[in-house]
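J.: Protein chains in written order, with the numbering used here: chain F, 42 to 445; chain G, 42 to 445.
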């Protein structure tokens, strides 16, 4: 018997039949004597439908009104989930983000949770009810509806687990947990029993789609241990927690690939102090997230700058740099069939030779490396998109990730 | 320039195209310099869809959760309407019932408005914004979402108009106003320029579908004058207001027909004090609304009781009376092809001969009268459903309602 927070994603509550299945799962946990707080997302597809309707009435909907609109997706699933539980004899009560006391800042569509006043929720919990909370949404001080951005329901679950000091936080999704690589690409990828917050963060920002970085950052900050697992079976998932000494024995925890990248080369730019700053200030001003930056040593007073951006932002990046090139000279070229391949593991902090193994594996597979960047626990290479899947398989094997 | 509350019903905001049309209307009123508070319903059909989904997960959804679910219908239209206004350059902001400070009691699915705290709304109004408020919904003291029952959006508009002391309250719907009879049945029915609250109430409870009684009662209680008019054209509608002396010159304001009725006859019941009480207590216990009661004089110690009920409640009524008949003897017969025809007018208070004119007109048309009931400003007869439309035309003509 324990106090458990469970989060069910959009595919898990995708239609009334699936909502009834989720209710059966909740009842089983309830029958074991657990106290339960359930966070649900909108039915998969609903958010996109609502956005389409918004864009049909207004080319650029205001973020405040978008939040007011999008919040109804989760409001529907909380009510239906509570009803489905009533239908099988479980006492349950639904809470919107506002009712659950999830107070955020005013940053509509990407609000940050400030405080949680869980008093009402705790009273209902003490009265023996199962609590169903709308993920992804909150309320600001002025009483306006806010939403937490992509992956917001995970964040709701983790923040609530912290606020009510839950014994467990389980993130139910449509995959079995966190794998050593994408199992659709690398057939012998292995589900991890556990992973550190930092590794999970590096994987999230390297193309793994299991969870958004924000939720993991929040969990790390408030030390909320959580488990990623599937709502379609009863297999144990992957525990995400603070790094422990034993984790360092594993040099590489996993391989992630992000195929949705492009490379931009700014060549023959005037090589003087402040040139690079001007380039990246212009990109930041256009809200473009730049990754993997390389600057070549200057010759003849000019230098080359190379960086990667998400493939769909190449045009925006080129446009943003136009005035800078007018001033500093140089020209722009871009290539959009680029992938990033990353290996991640806290063991890298204490083991050497990871880069050598990675580069040798890629060389053996005749994969050309375009750019390289590293963090303390990650090495990333930019390669051609066409060979990315095969590269992932080769690297996965080179680090023995198929073996426990 | 005035402070106006306008309410647009479900068909007026039925899809994104209609929402954009409503936004154009609002902009036109805005451009005339008016301050506007707009109340919108859910898109027509949405509420029924949501109820179907609720019933798919649970045979008897709880009323609290139904309210949580149904409130999203209006939450969608407020956001879309605000966005559509932004799209054509009008500063607008949406308010849920809770955000508009509409506090109700705890009677989920049929909550009553207790108080309105319109401070936030007034601030935005003073700042020059058009306010879009979700009809049909409120919040109780515990912070739970409540809904106001059928016709609830009209109630929201009228209550808000009272709370902010609006100069006008306009109820936009899919008909041009209140008619002397249903224009689909009586071709020369005439739109009324004005009608008293009491007449409107009698018409509402006599089968007119223009508005629910509750909203009219609320308007009468708080003396809110309102206009019923069409959102599909610019014709003036019908003003509903407190009775003035000139109204009494018109003996009959209108004719209403309710075809959805049945007659129940309880015959040979033991004729002793308390028998009728037992019969109607049993019906009340089953939540059946009984109308038009006639008791025949008793013979041989037994009596007959006749009354009308909505046609779909005959079976429930018969079942509820079973135990009473076990005790008091007697038997039940029912007939479900019954219509009620009513003539309504405040002039009846000071004019005689209305009943005679009505009965003569029906006799001339060979319509048999089954039951008769009256109030101070209404006479109702129960007749066979088959002849009801023709009876309405005959009566409409007999009182000269086609002439201004």
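All C-beta atoms, glycine included, are put in the ideal place defined by N, C-alpha and C.
All values derive from a computational prediction rather than experimental measurement.
Could you check whether the Cβ of residue 170 (chain F) sits closer than 7 Å to any Cβ belonging to chain G?
T.: Residue numbering aside, residue 170 (chain F) sits at position 129 when the first chain is read from its first letter. No, residue 170 (chain F) lies away from the interface with chain G (no Cβ there is under 7 Å from its Cβ).
J.: Can you list, in chain order, the residues of its chain with a C-beta nearer than 6 Å to that of residue 276 (chain G)? Leave out the 5 residues immediately preceding and following it.
T.: Counting from one through the second chain, the residue named residue 276 (chain G) turns up at place 235. Once the five neighbours on either side are set aside, the close Cβ partners of residue 276 (chain G) are 217.
J.: Indicate whether at least one CB of chain G lies closer than 7 Å to the CB of residue 109 (chain F).
T.: Counting from one through the first chain, the residue named residue 109 (chain F) turns up at place 68. With 7 Å as the cut-off, residue 109 (chain F) counts as an interface residue toward chain G.
J.: Closer than 6 Å to a non-hydrogen atom of the ligand SAM - does that hold for the CB of residue 103 (chain F)?
T.: Annotation note on the ligand SAM: not contained in the displayed structure, which lists no ligands.
J.: Identify the residues that DSSP records as bridge partners of residue 304 (chain F): which are they?
T.: Start at 1 with the first residue of the first chain, and residue 304 (chain F) comes out as number 263. According to DSSP, residue 304 (chain F) bridges with F:349 and F:376.
J.: Can you tell me whether residue 458 (chain G) is buried or exposed? The criterion is at least 16 other CB atoms within 10 Å of its CB, across all chains shown.
T.: Look at the range of chain G in this structure, 42 to 445, and you will see that residue 458 (chain G) is not part of it.
J.: Between the stretch 234-242 of chain G and the stretch 271-285 of chain G, do three or more beta carbon pairs fall short of 8 Å?
T.: Yes, the stretch 234-242 of chain G is in contact with the stretch 271-285 of chain G.
J.: Is residue 157 (chain F) close to chain G? Criterion is C-beta to C-beta, closer than 7 Å.
T.: Against the first chain, residue 157 (chain F) aligns to sequence position 116. Chain G, which has no Cβ nearer than 7 Å to the Cβ of residue 157 (chain F), makes this no.
J.: With a threshold of 7 Å between beta-carbons, can residue 270 (chain F) be considered close to chain G, or not?
T.: Numbered from its first residue, the first chain carries residue 270 (chain F) at position 229. Not an interface residue.
J.: State buried or exposed for residue 140 (chain G), treating a residue as buried only when at least 16 other CB atoms are found within 10 Å of its CB.
T.: For this step, residue 140 (chain G) is matched to residue 99 along the second chain. Under this definition residue 140 (chain G) is a buried residue.
J.: How long is the line joining the alpha carbons of residue 76 (chain G) and residue 177 (chain G), rounded to whole angstroms?
T.: Numbered from its first residue, the second chain carries residue 76 (chain G) at position 35. Numbered from its first residue, the second chain carries residue 177 (chain G) at position 136. Going by the C-alpha atoms only, they are around 22 Å apart.
J.: Using a Cβ cut-off of 7 Å (strictly closer), state whether residue 343 (chain F) contacts chain C.
T.: In summary, chain C is missing from the structure at hand, where the protein chains are F and G.
J.: Indicate whether residue 189 (chain G) and residue 152 (chain G) have their beta-carbon atoms separated by less than 7 Å.
T.: In the second chain, the residue the question calls residue 189 (chain G) occupies position 148. In the second chain, the residue the question calls residue 152 (chain G) occupies position 111. Yes, they are a contact pair.
J.: Could you tell me if residue 115 (chain G) is buried or exposed, where buried requires 16 or more neighbouring beta carbons within 10 angstroms of its beta carbon?
T.: Here residue 115 (chain G) refers to the residue found at position 74 of the second chain. Burial call: buried.
J.: Quick check: the stretch 308-321 of chain F against the stretch 369-387 of chain F, are there 3 or more CB pairs under 8 Å?
T.: In short, these stretches touch, since the Cβ pair count reaches three.
J.: Under 7 Å between the Cβ atoms of residue 173 (chain F) and residue 165 (chain F)?
T.: Residue 173 (chain F) sits at position 132 when you count from the first residue of the first chain. Residue 165 (chain F) sits at position 124 when you count from the first residue of the first chain. The answer is no: Cβ separation not under 7 Å.
J.: Roughly how many angstroms lie between the CA atoms of residue 316 (chain F) and residue 327 (chain F), to the nearest whole one?
T.: Walking along the first chain from the start, residue 316 (chain F) turns up at place 275. Walking along the first chain from the start, residue 327 (chain F) turns up at place 286. If you take the alpha carbons of residue 316 (chain F) and residue 327 (chain F), they lie about 17 Å apart.
J.: Report yes if the CB atom of residue 181 (chain F) is closer than 7 Å to the CB atom of residue 158 (chain F), and no otherwise.
T.: Here residue 181 (chain F) is taken as the residue at index 140 of the first chain, counted from 1. Here residue 158 (chain F) is taken as the residue at index 117 of the first chain, counted from 1. No; because the gap between Cβ atoms is not below 7 Å, this pair is not in contact.
J.: Which parts of the stretch 235-267 of chain F are runs of the alpha helix (DSSP H), unbroken and 4 residues or longer, counting only runs that do not cross its ends?
T.: With a minimum length of 4 residues, the continuous alpha helix (DSSP H) runs that stay inside the stretch 235-267 of chain F are 238-245 and 254-262.
J.: Can you find a C-beta in chain G that's less than 7 Å from the C-beta of residue 80 (chain F)?
T.: The count along the first chain starts at 1 and reaches residue 80 (chain F) at position 39. No, residue 80 (chain F) does not count as interfacial toward chain G.
J.: Taking only three categories from DSSP, how would you classify residue 144 (chain G)?
T.: For the purposes of this step, residue 144 (chain G) is taken as the residue at position 103 of the second chain. In this structure, residue 144 (chain G) counts as strand in the three-state DSSP scheme.
J.: Less than 7 Å between CB atoms is the rule here; does residue 413 (chain G) satisfy it with respect to chain F?
T.: As a working note, residue 413 (chain G) is residue 372 in the second chain. Residue 413 (chain G) does not count as touching chain F.
J.: Less than 7 Å between the C-beta atoms of residue 383 (chain G) and residue 297 (chain G), yes or no?
T.: As a first step, residue 383 (chain G) is located in the second chain; it is residue number 342 there, counting from the start. As a first step, residue 297 (chain G) is located in the second chain; it is residue number 256 there, counting from the start. Yes. Within cutoff.
J.: Does the stretch 341-353 of chain F come close enough to the stretch 200-216 of chain F to have 3 or more Cβ pairs within less than 8 Å?
T.: No: fewer than three Cβ pairs fall under 8 Å.
J.: Can you give me, in chain order, the residues of the stretch 93-106 of chain G that have a beta carbon less than 7 Å from any beta carbon in chain F?
T.: Listed by position along the chain: 94, 95, 97, 98, 99, 100, 102, 103 and 106.
J.: In chain order, what residues of the same chain have a beta carbon less than 7 Å from the beta carbon of residue 386 (chain G), not counting five sequence neighbours either side?
T.: Counting from 1 along the second chain, the entry for residue 386 (chain G) is found at position 345. For residue 386 (chain G), where only same-chain residues beyond five positions count, the Cβ hits under 7 Å are 240, 291, 292, 293, 294 and 418.
J.: Flag this pair as yes or no: are the beta carbons of residue 123 (chain G) and residue 112 (chain G) separated by less than 7 Å?
T.: The sequence position of residue 123 (chain G) within the second chain is 82, counting from 1. The sequence position of residue 112 (chain G) within the second chain is 71, counting from 1. Contact flag unset, no.
J.: Any idea if residue 391 (chain G) is buried or exposed, counting beta-carbon neighbours within 10 angstroms, 16 or more meaning buried?
T.: Mapped onto the second chain, residue 391 (chain G) falls at position 350. Exposed, since its Cβ has fewer than 16 Cβ neighbours within 10 Å.
J.: Locate the beta strand (DSSP E) running through residue 326 (chain F), then write down its first and last residues.
T.: Here residue 326 (chain F) refers to the residue found at position 285 of the first chain. It is not in any beta strand (DSSP E) - residue 326 (chain F) instead sits in the alpha helix (DSSP H) that spans 316-326.
J.: Counting only beta-carbon atoms, is residue 201 (chain F) nearer than 7 Å to chain G?
T.: As a position in the first chain, residue 201 (chain F) is number 160, starting the count at 1. Output row for residue 201 (chain F): interface = no.
J.: Residue 149 (chain G): buried (16+ other C-beta within 10 angstroms of its C-beta) or exposed?
T.: Mapped onto the second chain, residue 149 (chain G) falls at position 108. The residue in question, residue 149 (chain G), is buried, as its Cβ has 16 or more Cβ neighbours within 10 Å.
J.: Between residue 52 (chain G) and the rest of its own chain, which residues show a CB-CB distance below 6 Å, the 5 nearest in sequence each way excluded?
T.: On the second chain, position 11 is the one that residue 52 (chain G) refers to. Excluding positions up to five away in sequence, the list reads 85 and 215.
J.: Give the C-beta separation of residue 231 (chain F) and residue 442 (chain F) to the nearest angstrom, bearing in mind that I take them to be a contact with Cβ-Cβ under 8 Å.
T.: For the purposes of this step, residue 231 (chain F) is identified with residue 190 of the first chain, where counting begins at 1. For the purposes of this step, residue 442 (chain F) is identified with residue 401 of the first chain, where counting begins at 1. Indeed, because the Cβ distance is near 7 Å, the residues count as touching under 8 Å.
J.: Give me the residue from G:69, G:408 and G:199 with the minimum Cα distance to residue 428 (chain G).
T.: Translated into the one-based positions of the second chain, residue 428 (chain G) becomes position 387. Among G:69, G:408 and G:199, the Cα nearest to that of residue 428 (chain G) belongs to G:408.
J.: Can you tell me whether residue 211 (chain G) is helix, strand or coil according to DSSP?
T.: What you label residue 211 (chain G) is simply residue 170 of the second chain in a count that begins at 1. Residue 211 (chain G) falls in the strand class under three-state DSSP.
J.: Going along the chain, which residues of the stretch 133-148 of chain F sit with their C-beta nearer than 7 Å to a C-beta in chain G?
T.: Answer set for the stretch 133-148 of chain F: 135 and 140.
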